[in-house]
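**Q**
2 protein chains.
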Amino acid sequence: MQRWEVLRVRKTLDELKRLSIQCRGDILKMTYVANSGHPGGSMSSIDMLLALYSFANVYPQDPWNEDRDRIVISHGHISPAVYSTLAAYGFVDRDEVIAGFRHPASIFEGHITRGIPGVEWTTGNLGQGLSAGVGFALAAKYKNKDYHVYVVMSDGESAKGQVQEARRTARKYKLDNLTVLVDYNDIQISGHAHEIMYVDIKAEFEAAGWKTIEIDGHDFEQILAALKIARDDGYPTAIIAHTVIGKGVDFMEDKPDYHGKPLNKEELEKALAQLGVENDVEKYLEMRKKLPIEAHKKVKLYYDVRLDTGKARVYDKATDNRSALGRAIADLAVINDNVVTVDCDLKGSVKLDFLDKERPDRVVEIGVQEHNAAALAGAMSVDGIVTFFADFGVFGIDETFNQHRLNAINNTNLKVVVTHCGIDVGEDGKTHHALNYIGAPLAWYGFKVIVPADPNQTDRVVRYIAEEYGNFVVAVGRSKVEPIRKEDGSLFFDENYEFKYGKMDILRDGTDGVIYVIGSAVPHALKAYEILKSKGVNFAVINVSCPYDLDEEVLRKYSNFVVTVEDHNVLNGLGSLIAQKLFEMRILPGRFIKLGLNDFPVSGDAKLLFEIYGLSRERIAETILSKLE
Amino acid sequence: MQRWEVLRVRKTLDELKRLSIQCRGDILKMTYVANSGHPGGSMSSIDMLLALYSFANVYPQDPWNEDRDRIVISHGHISPAVYSTLAAYGFVDRDEVIAGFRHPASIFEGHITRGIPGVEWTTGNLGQGLSAGVGFALAAKYKNKDYHVYVVMSDGESAKGQVQEARRTARKYKLDNLTVLVDYNDIQISGHAHEIMYVDIKAEFEAAGWKTIEIDGHDFEQILAALKIARDDGYPTAIIAHTVIGKGVDFMEDKPDYHGKPLNKEELEKALAQLGVENDVEKYLEMRKKLPIEAHKKVKLYYDVRLDTGKARVYDKATDNRSALGRAIADLAVINDNVVTVDCDLKGSVKLDFLDKERPDRVVEIGVQEHNAAALAGAMSVDGIVTFFADFGVFGIDETFNQHRLNAINNTNLKVVVTHCGIDVGEDGKTHHALNYIGAPLAWYGFKVIVPADPNQTDRVVRYIAEEYGNFVVAVGRSKVEPIRKEDGSLFFDENYEFKYGKMDILRDGTDGVIYVIGSAVPHALKAYEILKSKGVNFAVINVSCPYDLDEEVLRKYSNFVVTVEDHNVLNGLGSLIAQKLFEMRILPGRFIKLGLNDFPVSGDAKLLFEIYGLSRERIAETILSKLE
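As they're listed, the protein sequences go chains S and X. For the first sequence, the UniProt record's numbering assigns the number 1 to the initial residue and increments by one for each residue that follows. For the second sequence, the UniProt record's numbering assigns the number 1 to the initial residue and increments by one for each residue that follows.
1. So who's on the other strand from Phe592 (chain X), going by DSSP bridges?
2. Name the two residues that bound the continuous alpha helix (DSSP H) containing Asn336 (chain X).
3. Within this structure, are the beta carbons of Ala528 (chain X) and Arg617 (chain X) separated by less than 9 Å?
4. When Cβ atoms are compared, which residues of the stretch 592-620 of chain X fall closer than 7 Å to chain B?
5. For Ser158 (chain S) and Ile73 (chain S), what's the separation of their Cα atoms in angstroms?
6. For a contact defined as C-beta to C-beta under 7 Å, what are the partners of Tyr445 (chain S) on chain X?
7. Contact criterion: CB-CB distance below 9 Å. Does Asn560 (chain X) meet it with respect to chain S?
8. When Cβ atoms are compared, which residues of the stretch 103-114 of chain X fall closer than 7 Å to chain S?
9. Taking the beta strand (DSSP E) that Ile215 (chain S) belongs to, which residues open and close that run?
10. List, from N- to C-terminal side, the alpha helix (DSSP H) runs of 4 residues or more that fit wholly inside the stretch 51-116 of chain S.
11. Which residues bound the beta strand (DSSP E) around His242 (chain S)?
12. Is there a Cβ of chain S sitting closer than 9 Å to that of Tyr198 (chain X), yes or no?
13. Comparing alpha-carbon positions, which option in S:Leu275, S:Gly40, S:Thr237 and S:Tyr235 lies nearest Asp257 (chain S)?
14. Pull up the distance between the alpha-carbon of Asp509 (chain X) and that of Pro483 (chain X), whole angstroms please.
15. By the 10 Å Cβ neighbour count, where 16 or more other Cβ atoms means buried, how is Asp69 (chain S) classified, buried or exposed?
16. Determine the direct distance from the alpha carbon of Val418 (chain S) to that of Gln403 (chain X), and round the result to whole angstroms.
17. Select from S:Leu332, S:Ala208 and S:Thr564 the residue whose C-alpha is nearest the C-alpha of Arg313 (chain S).
18. What are the residues of the stretch 363-390 of chain S that lie near chain X, defined by any Cβ-Cβ distance shorter than 9 Å?
19. Would the stretch 366-379 of chain X and the stretch 410-426 of chain X be scored as touching if the rule is three or more Cβ pairs under 8 Å?
20. Scan the stretch 412-435 of chain S for residues whose Cβ lies nearer than 8 Å to a Cβ of chain X and list them as they occur along the chain.
21. Given 8 Å as the limit, is there contact between the stretch 78-97 of chain X and the stretch 162-169 of chain X, that is, 3 or more CB pairs closer than that?
22. For chain X, find out if any of its Cβ atoms is closer than 9 Å to the Cβ of Thr169 (chain S); answer yes or no.
23. Can you give me the start and stop residues for the beta strand (DSSP E) that Leu181 (chain S) sits inside?
24. Name the two residues that bound the continuous alpha helix (DSSP H) containing Arg556 (chain X).
25. Could you check whether His524 (chain X) and Leu615 (chain X) sit closer than 9 Å to each other, using their CB atoms as the reference points?
26. Expressed to the nearest angstrom, what Euclidean distance is found between the alpha-carbon atoms of Met1 (chain X) and Arg8 (chain X)?
27. Where Glu221 (chain X) and Asp146 (chain X) are concerned, what is the direct C-alpha to C-alpha distance, given to the nearest angstrom?
28. Roughly how many angstroms lie between the CA atoms of Lys500 (chain X) and Ile196 (chain X), to the nearest whole one?
29. Could you please give the first and the last residue of the uninterrupted alpha helix (DSSP H) stretch that includes Thr169 (chain X)?
30. What would DSSP say about Ser323 (chain X), mapped onto helix, strand or coil?
31. Just tell me which of X:Lys255, X:His194, X:Phe388 and X:His296 has its CA closest to the CA of Ile612 (chain S).
32. With 9 Å as the threshold, decide whether the Cβ of Val163 (chain X) is near any Cβ in chain S.
33. With a floor of 4 residues, list each alpha helix (DSSP H) that falls wholly inside the stretch 349-374 of chain S, ordered by position along the chain.
34. Determine the direct distance from the alpha carbon of Gly217 (chain S) to that of His192 (chain S), and round the result to whole angstroms.
35. At the level of alpha carbons, what is the spacing between Ile112 (chain X) and Ser106 (chain S)?
36. Name, please, each residue of chain X whose Cβ falls closer than 7 Å to the Cβ of Gly41 (chain S).
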């Protein structure tokens, strides 16, 4: 018998039935004690959870065992059911759960949180869990692991389009290691699900090529039998479990009211009596009172990234940064077996063609399904795969804004590499001009944004982020750019250059003022420097590749006449961050000019757009000269 | 014969065949002249477009006729096909299209743009158009109009989950006035669609309760027959049209390469010869050279909002702002027939229950399908319906970030009203704490953000935004708040109060310093004022309900010791905007303290969270006092 056979949970039918009563009691108690939470759905899902955590290969004493089955609970508001199950099986302490639920000092937050033993993924915003499950299932395939992935989700959230995206992806990649359990209680917040929206869950799974099994979600024998079939049938399979919200307490059954409302004292008394469970909530109320008024320490799960960053490539002629990006990713994937990139039907444009040629197996092609792609990439990235998510800026940042916020909450190891940023996109116009690659990720605490200036810096940045655990955005434009050179003509970022996060690059020195510049605007600023110089005006040109972590020393030194230049929304970009930083440093420059976009730009050749929006070499120089007069 | 019978386009089969050649020529010419654009898909869609604009009730001489059929082209990159069709039918000038395509000075942008006669909706980011079509179809129902709505879309974009959300919505609302045409050429950027992702378009339409018809998309008789069936069959119907990318030019057919690449000179010569079209591109190249290097004037379509704002409600006791919000929306809907609210299964929580009770017909219930909801709400709002989109902050802002960006691009008249903002959400935890309701909309140029401080101000704000054409975010918390009172105990926002956009409210005066505060933090700041006063420290408390348009006069006057307080991301919220504004005004306060959230908060009772994150009355006062020592 193998080690996991000994360690895993295995309950008899009688034990399961007994625990299903205990857990229902715990659900009612913890929501009562917290005076908050979701008892209704917890009671419809609880039998499935008990059966699943008993059936799956999970290990209370060794919860992060590399070979464990992954269980994702997508409807994270049924945290009372999840926590009571984990307590019943010894993953966590039962008293701590009941007393601490939803208290700031407790790890048992309102929605389930990655890092609690037995919880693989923080959920709460609905419709995200299946994508995470697909990510874990793909990670297993890449790692040649044969663990199984289970996703438990609600019927209400099945309406999210992202769910259908995830289903199709599972079918495309033949994820036979993926099983879904749908808690089909036909209740969502506003009433009966079938009245809220027309969603034929079974038909949609089948349209996406899944096998389906329908069962009674409160019958342990049926649940266990279905789990066995689903695990072994060689397909992604959905178990659609018909359940009753509030199951087990007569006055709660099939009542939308109890979706998100705990019982009051009398109701609790009555419910616990009906279940035959002792009412010991006073004990927990006392315990809760003793909890400190402070935030619990966050459990930040991560892994040591083992990766060979390979040999830097040196570019000596004009190259688009996206090619340098794609080239470096391909290099990494060739020499490391843990590097994978997720694409959304833009392989050629985001320059994954190098990777696709050299290691086609390392491209996960999701098509036009960005929400699902971003979420599954996040999940893969926490499961040992150094994951790049490549996309155009508008899709990889704007369209997937909340998916990345949730990745950030999950402390993922995701490398969001976006191309076609700024008006450098040109003719495709305003729907495609990504103008918030600096501003938007401010919402995703922990994400670092890097905007490399030329192909050499891009190459080094990609190798840097690959070996650092954590979330990064790397944003580049579309056009070819000359490698940046020193005034003597040698490469600025040469073969000895090492990227250091937070370092500003003083491309040109000058004492009359400074241009802080980023991304596709850098070549224009360098040319403006020449024009100014020809008029006897000496401005420094400083490349700010890390706009979130500004170098105070440099800022202090170069602050007499400050110009910021970016092909980015001027309301939330580099200029905005530098203004705030100088303000905090109590520095008021003699002059301060922010150049960038104030409105949605029109469509047109990028060169013309830089001209029209005041970001071309001539216009930058003119603006500066006009303020000197 | 009615007027529209005379004015509309009606072509014979022979005329259609002739135009299908002319338009193919135009597509190749304009992409050649612009050296950019998407000829391949344009040539697979062109026959459908010609048939559709001929079949539908659209009026080249009266393009915005209120009774016109609405045509949405979802795959906006086939702009060459759309523009050539519009030119062929006299909506726009053919020479201007071919010479100006994708030039900054031309309205004929890279992706089709709302405002060009015959274009109802700006698209480009895929998978959005069907939601817009659903919005137009719903608007027709609300207006008791019997025009039809057509959506043309691609097979590749059918993978977007939002498309399935839109399909289900059409079925739920029995939108028999909606027809979809799918250009099924089986090619997307990276190759054959069926290889990129597993998408069974027909099965998914049918799973969502639609009728489907399959035809040859290059056979005018079949297209016209299908259009007639679809218009009259009493169902939302999808015409799945099998087509060939690059159709009409042998070397372009079924080649992904021509998705987004124009022909070179030799190829163009060859292609035009094959089509039997004269090669007159030199003429257009000359015309293009003469275009000025400037952005074209934006066509900003809007309508005069006619609306009775009703009688303001005055709240004299503690009420949650969301109830004041919901109450005011219900008031407006009762007395006006053009006010509709879109809900995402949160009716009770976002307090649409008033509306649901008094005018249930004015709640569009979309369920857990926020992307679709936001996009269809935007479309409804441009079609004469004053549309509220109600949601929790995390869904109405973060999850729908790009949908609102696209609404902004479309110059919609949308009122995004979000509740449960900030840590006032409390126990639901970080996935539900909306911390970017000020920061995120900076990306949606034109959107104004208003954060009312109490139920009285909330009431007036709702009435104000309803009658102003344009996009607004109104953000409120969850908890009950006392109406704000003057020091004499009378209501601050009393029955005579009128909301004025951009005005700051000086709630308390003081000369030792100032607290600029917003939203759910206001009651805490007012209490901090009392604590400070009891210690002999007099701080002004100023409510900033309009963080994007700060009052310079007030800022100048109150700038000695500045404290900003918000239960919002401190990196992109009120403190950040005030810092930048003061910096621009060249004012350095003696002290500046930004209070807000620096990281994802934990889950817990809102009162405890305000305490833990330094935003409670005591903590605000302590922080200020510690800096005075």
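A virtual CB, placed ideally from N, CA and C, is assigned to each residue, including glycine.
**A** The structure says:
1. X:Val562
2. Asn336 (chain X) -> no alpha helix (DSSP H), and no H or E assigned at all.
3. yes
4. Judged by its chain identifiers, the structure shown contains no chain B, and its protein chains are S and X.
5. 13 Å
6. Asp599 and Phe600
7. no
8. His103, Pro104, Glu109, Gly110 and His111
9. Lys211 to Asp216
10. 79-88 and 94-100
11. Thr237 to His242
12. yes
13. S:Gly40
14. 18 Å
15. buried
16. 19 Å
17. S:Leu332
18. Glu365, Ile366, Gly367, Val368, Gln369, Glu370, His371 and Asn372
19. yes
20. Gly426, Glu427, Asp428, Gly429, Lys430, Thr431, His432 and Leu435
21. no
22. yes
23. Leu178 to Tyr184
24. Glu552 to Lys557
25. yes
26. Residue placement at Met1 (chain X) is flagged as unreliable, the pLDDT there being 40, under the threshold of 50; the coordinate-derived value follows with that caveat. Rounded to the nearest angstrom, the two C-alpha atoms are 12 Å apart.
27. 25 Å
28. 52 Å
29. Gly161 to Lys172
30. helix
31. X:His296
32. yes
33. 353-358
34. 18 Å
35. 52 Å
36. Those within 7 Å of Gly41 (chain S) in chain X number zero; the least Cβ separation is about 13 Å.
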